[in-house]
Each structure stands twice: as structure tokens, then as C-alpha cells.
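Notes follow once the structure below has been shown.
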Amino acid sequence: MRSPRAALLVVALVLSVPLHAAEPPAASPSRDVEVERQLDQAMSAKDWARAVALAEELNGPIEERHVASLHRIARLHALLGHGKEAYEWLKRAADAGVVDVYDVRKDEAFAFLRGDERFKALLRAMWVKAYVAMLERPEREGFQMPGKVMEALAFRAGERVADVGAGSGYFTLRVAKAVGPAGSVLAVDIAPELLDHLAGRARDAGLSNVKTQLVKKDDPQLPPRGVDTVLMVDMLHYVKAPDRGAYAKKLAAGLAPGGRVVVVDYVPKTPEERPWGPPPEQNMSRAEVDEAMAAAGLVPAKAHDFLPEQFFVEYRAR
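Numbering (our numbering), first residue to last: 9 to 326.
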């Protein structure tokens, strides 16, 4: 049987993968020893809240080292041409935590496995896990303020909402609870694995008013005049600038009379100013969004200015 402290360490696998952020420095051994000491004290005092926080802090560098070790073994097998062993050790690394899938994809050690269907499926699963961890990272609460965003949007019971670029369901589930059983949320995304993850979360939460829909990059495929609110959080910057006007027209076509399109996206900054978020080629200003929406006959109806890193605008028909 595991000790209480060991059990806490097992359950405290918290993953956080900021976009474009440098890897954090590894914790020093002396720091690990100090955290272990404080954890023992918290356990003795039955201060479970502090014990959990310390267990999570201690687990981070342990997990990172473990995953890195498994990845290294997989790479060595790959260098030896051991395809089966390389795949199995890489899968163990992916199961244990978050592996940088982009590094694996470009690593020539794994080049001979690139045509292998199991290897390709593993890379896709690794990407989904890392992307979900990034979308659900605790730091997001600080700059995205989902509680305040939901309060500002004041969804009504029975409202029909399309969450375009729903991702992991970060806002989908919140909206589904707000509109209630009489309302509905259409969760739209281009990644089937993300939609599968989201659907599972909705089922686990007992939310039967969420429907997922796989779409193409250039078309949200909304039901004609079928939604009251189109919500796009951290999504529109993925649509290339020349295509945004046409995309906005497709969004507008899905709006019921009196409906709104909501855009929450990043204020443009350089990587030096903000070493996470969209890369420079995806930077998009509020003025550019206004222009794209105007091409669809939509104008700003309300702008909210409380988000520190983003603009937040509601658009309605003229």
C-alpha cells in the first residue's frame, strides 16, 4: 500500500505547456530536499491543502526528468534502428507526461519511422495531449478571466451558441451550463481528437446539450440562421488575413436575427514583449478584425476592456 505522501505524488500530475515558452530550469537537488522536508511537516500536521501544493511542486521536476529519460531511451533505440523498441519507449514517455512532438517530428533519429502508421498515430496523440495541457494550463485563468468573460456575455437560458474553435472545451462547458438544458452549444473544431476529448468531458459533466461538429479550416459550417451567439476565443488569428472577410460572412450566415459574433483574441505583441501566444505571423489587430466583420455586415456593438492581453468585442448586424 502506498503511503499518503506517495499517493499525493501520484495524483498530483499537473501538466502546463505555455506556447512558445522556454523550458523552466530544473529544480536544484537542495530545493527538492527542502520541499520534501516541508511536505513531511505538512503531512504530520494534517495540513492537506499545503501538502497537495508541495506535492505538486515536487512532482513537476520529477515528472520532467522521468519523461526526458524515457524519451532519451526511445531515441537511442531509434539510432540503433530498433523501430519496435523506439516506438514502445516513446509511447511510455508520452503516457508519462508531455513530450515535445515538434522535436520528435524533426529529429532525424526517428526519420525511418515517419511512414509507420502507429508512429504517426502516436505523434498525433502526443500533439493532442500537449495541446490540451496548454489550453487547460492554470495560468490561462489569469489573462483570460473566464469567469468575467462569462459574466460579461450574460448568456440566457435557452440560448443557442456555436463555440467555433472549441478546442478542449475550455469555454464550451461553461457556456453549456449557462444556457441550461433548454439551450444548446455546437462545439466546432477542425481536429477530431480535440472534439473526442471535448465530448468526453461533456459526458462526464452530464451535459447533454453539447454537440460536436468536425469542420474544414475555411468553413465553420453553421446552421443557417441557427445560432444566437457565435463565440470565438483565441481562434480567429488562425484564419489567414486575406480569408477573414469570407470567413466572417460564413459566421454571419449562421446568426439568427439579433444574433452576435463574439471575438476574444490577442493584442499583437512581439515575442520579446510576450514570449507566448500566437507567433508574429499570426498577429492580428482589433482594427483588422473590425474590417473583416464589416465585410460581413457586422459592426462592433460592445467592447470590453478588462482583459490584460486581449481584445474582447461583440459584433452585430448593422
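Note that CB positions come from ideal geometry on N, CA and C, so glycine has one too.
Proximity below 8 Å, CB of residue i to CB of residue j
i, j, result
"GLN221", "ALA195", "yes"
"LYS258", "ASP227", "yes"
"VAL140", "VAL169", "no"
"GLY175", "ASP197", "yes"
"LEU202", "VAL136", "yes"
"GLY89", "PHE120", "yes"
"VAL187", "GLY166", "yes"
"ALA328", "HIS85", "Since the first and last residues shown for the chain are 9 and 326, residue 328 lies out of range."
"VAL321", "ALA311", "yes"
"ARG209", "GLY177", "yes"
"VAL235", "LEU263", "yes"
"ALA117", "LEU98", "no"
"GLU317", "ARG294", "no"
"VAL270", "VAL238", "yes"
"GLY91", "ASP124", "yes"
"MET158", "ARG122", "no"
"ALA300", "GLY253", "yes"
Same chain, Cβ closer than 8 Å to residue i, neighbours up to 5 away in sequence not counted
i, result
"PRO33", "Low per-residue confidence applies at PRO33: pLDDT is 42, beneath 50, and the placement is therefore not dependable, though the value from the model is reported in the following sentence. The answer is none, since no qualifying residue turns up."
"MET153", "PHE314 and LEU315"
"LYS4", "In the structure displayed, the chain extends from 9 to 326; residue 4 sits before or after that span and is not available."
"ARG326", "GLY305, LEU306 and VAL307"
"PRO189", "SER216 and ASN217"
"ALA104", "GLU71, HIS74, VAL75 and LEU78"
"PHE163", "VAL169, VAL183, ALA186, VAL187, GLY191 and THR237"
"LEU130", "TYR95, LEU98, LYS99 and ALA102"
Beta-carbon proximity list for residue i, same chain, < 6 Å, skipping 5 on both sides
i, result
"HIS245", "ASP273, PRO286, GLN290 and MET292"
"ALA304", "ALA256, LYS257 and ALA260"
"ARG324", "ARG268 and ALA309"
"ALA160", "HIS312"
"GLN229", "VAL223"
"MET134", "ALA102, VAL107 and VAL109"
"ARG233", "ALA264"
"ALA30", "Residue placement at ALA30 cannot be trusted, given a pLDDT of 33 that sits under 50; the coordinates are not used to answer."
"ASP115", "none"
"ALA57", "none"
Identified DSSP bridge partners for residue i
i, result
"ALA6", "Past the edges of the chain, shown from 9 to 326, lies residue 6, and the structure says nothing about it."
"THR237", "VAL169 and ARG268"
"LYS225", "Answer is none; LYS225 lacks a bridge partner."
"LYS219", "LEU194"
"ASP323", "Reading off the sequence, residue 323 comes out as Tyr, not Asp. According to DSSP, TYR323 bridges with VAL269 and PRO308."
"GLN152", "Answer by DSSP bridge pairing: none, since GLN152 is not bridged."
"GLN318", "TYR274"
Cutoff 7 Å; reference residue i; Cβ partners in own chain excluding five residues on either side
i, result
"ALA59", "LEU16, LEU47, ALA50 and MET51"
"LEU143", "GLY175, SER176 and TYR178"
"VAL218", "THR180, ALA184, VAL193, ALA195 and ALA210"
"GLU44", "LEU66"
"ASP251", "ASP226"
"ALA101", "VAL75, LEU78, HIS79, ALA82 and VAL107"
"PRO200", "LEU222"
"PRO231", "GLY262"
"ASP302", "It should be noted that the sequence gives Ala, not Asp, for residue 302. The answer is none, since no qualifying residue turns up."
"MET243", "VAL172 and GLY173"
"LEU87", "ALA117"
query: For the segment 148-158 against the segment 207-215, are there 3 or more C-beta pairs whose distance is under 8 Å?
result: no
task: May I ask you to verify whether the segment 92-112 touches the segment 263-279, counting CB pairs closer than 8 Å and requiring at least 3?
output: no
- prompt: Taking only runs of the alpha helix (DSSP H) that begin and end inside the segment 264-315, which ones reach a length of at least 4 residues, in chain order?
  reply: 294-302
message: Extract the residue ranges of the alpha helix (DSSP H) inside the segment 85-160, only unbroken runs of 4 or more that lie entirely within it.
response: 91-104, 109-114, 125-143 and 148-152
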